[in-house]
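Numbering (our numbering), first residue to last: 8 to 313. Backbone N, C-alpha and C fix where the C-beta goes; we use that ideal spot for every residue, glycine too.
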Ligand code: MN
């Protein structure tokens with residue numbers, strides 16, 4: 008269930024209580040100052056100053072109190088089992104998994120991969136050493152990816168920054184770009200298979216509802232499609248997809264380094280600002296368009312180094 012948490016002074020809690028005067032409940036949970044129920048949201052204020060909004064309208068309901076200048080507001084999404092949660096036993100099923108790389112890197116493209124691992128190939132894939140790519144070093148990624156692309160059906164898309172920047176400037180969010188790319192690679196892996204997979208597992212980057220909203224008007228597969236964060240640890244197909252996507256990202260970064268004439272760094276930290284400044288000095292500001300995600304704060308920070 009969506010929820011929002013707000014921290015309020017006791018005076019503000021009194022104001023909030025008066026807003027909900029006609030919706031107060033008769034009984035209170037332990038430690039509560041008041042509780043109110045309106046359609047789509049339950050509001051509970053605690054002695055600790057915490058005010059909890061729970062339900063579909065939690066966020067909207069909480070936002071109307073932003074003017075109260077409370078100490079701090081934060082929204083938290085508590086993962087709950089939904090129809091999009093991977094079913095138990097998925098680890099041993101035949102699954103298409105998808106994952107992306109490069110969304111947080113200032114330099115380099117976004118690479119998205121979907122890969123299919125049949126249940127009969129799980130042991131083999133495990134033997135190749137496939138696991139969470141975050142724990143793997145670049146040379147291991149490269150070796151494993153080379154094995155994987157010969158072994159399993161997959162589809163890979165590389166969104167280079169020239170195109171990324173154009174889409175971004177037209178108002179497309181990174182979330183929507185990712186949704187379109189995931190959907191595209193999953194669809195093309197499906198086309199390569201004879202039968203249907205038992206499940207499709209997407210390494211979650213957005214709430215499923217938002218993911219499907221981004222894909223309005225596209226051909227989408229909803230049945231047996233599941234979402235999970237850290238999905239690399241849930242099915243080897245996602246781990247394999249992640250390794251192939253990382254491999255493609257490394258190749259692209261290599262190409263960019265050759266074009267730039269120096270090593271192009273990953274990430275978005277201050278070392279990246281300096282590299283961007285170096286790029287501008289060597290190749291002019293226009294080069295950023297091809298090399299970087301222009302809307303990142305790094306663009307402005309780089310100019311301070313000039
Ligand atoms: Mn991911």
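Exposed or buried, residue i, counting other C-beta atoms within 10 Å across all chains shown (16 or more means buried)?
{"i": "residue 78", "result": "Because residue 78 sits at a pLDDT of 49, beneath the cut-off of 50, its placement in the model cannot be relied upon, and the following sentence gives the value as read from the coordinates. Flag for residue 78 reads exposed."}
{"i": "residue 251", "result": "buried"}
{"i": "residue 311", "result": "exposed"}
{"i": "residue 189", "result": "buried"}
{"i": "residue 269", "result": "exposed"}
{"i": "residue 173", "result": "exposed"}
{"i": "residue 260", "result": "buried"}
{"i": "residue 26", "result": "exposed"}
{"i": "residue 104", "result": "buried"}
{"i": "residue 61", "result": "buried"}
{"i": "residue 68", "result": "buried"}
{"i": "residue 16", "result": "exposed"}
For residue i, which option in the options has the closest C-alpha, if you only look at C-alpha atoms?
{"i": "residue 202", "options": "160, 38, 178, 175", "result": "160"}
{"i": "residue 304", "options": "28, 25, 276", "result": "276"}
{"i": "residue 199", "options": "209, 245, 123", "result": "123"}
{"i": "residue 107", "options": "284, 271, 237", "result": "237"}
{"i": "residue 314", "options": "55, 119, 68", "result": "This structure cannot settle anything about residue 314, because the visible part of the chain is limited to 8 through 313."}
{"i": "residue 4", "options": "141, 17, 10, 128", "result": "Limits of the chain in this structure are 8 at one end and 313 at the other, which puts residue 4 out of reach."}
{"i": "residue 46", "options": "209, 36, 37, 31", "result": "31"}
{"i": "residue 283", "options": "115, 36, 40, 90", "result": "115"}
{"i": "residue 231", "options": "100, 74, 13, 48", "result": "100"}
{"i": "residue 153", "options": "295, 52, 293, 137", "result": "137"}
{"i": "residue 195", "options": "170, 227, 166", "result": "227"}
Handout entry: Any 3 or more C-beta pairs closer than 8 Å across the segment 285-292 and the segment 126-138
Key = no
Problem - the ligand MN site residues, beta-carbon cut 7 Å against heavy atoms - result: 106, 107, 210, 212, 249
Problem - beta strand (DSSP E) runs contained entirely in the segment 70-131, provided each spans 3 or more residues - result: 79-83, 102-108, 117-124
Practice task
Enumerate, from N- to C-terminal direction, the unbroken alpha helix (DSSP H) stretches of 4 or more residues contained entirely within the segment 197-221.
Solution key: 215-221
Handout entry: Stretch-stretch touch, CB-based, cutoff 8 Å, three pairs: the segment 110-123 with the segment 217-230
Key = no
Exercise for the section: Within the segment 221-259, note down every full beta strand (DSSP E) run reaching 3 residues or more, in order along the chain. Expected result: 232-235
Exercise for the section: Evaluate contact between the segment 175-183 and the segment 147-166, counting only Cβ atoms and requiring at least three cross-stretch pairs below 8 Å. Expected result: no
Practice task
Count the C-beta pairs between the segment 89-96 and the segment 34-48 that are closer than 8 Å, then say yes if the count reaches three, no if not.
Solution key: no
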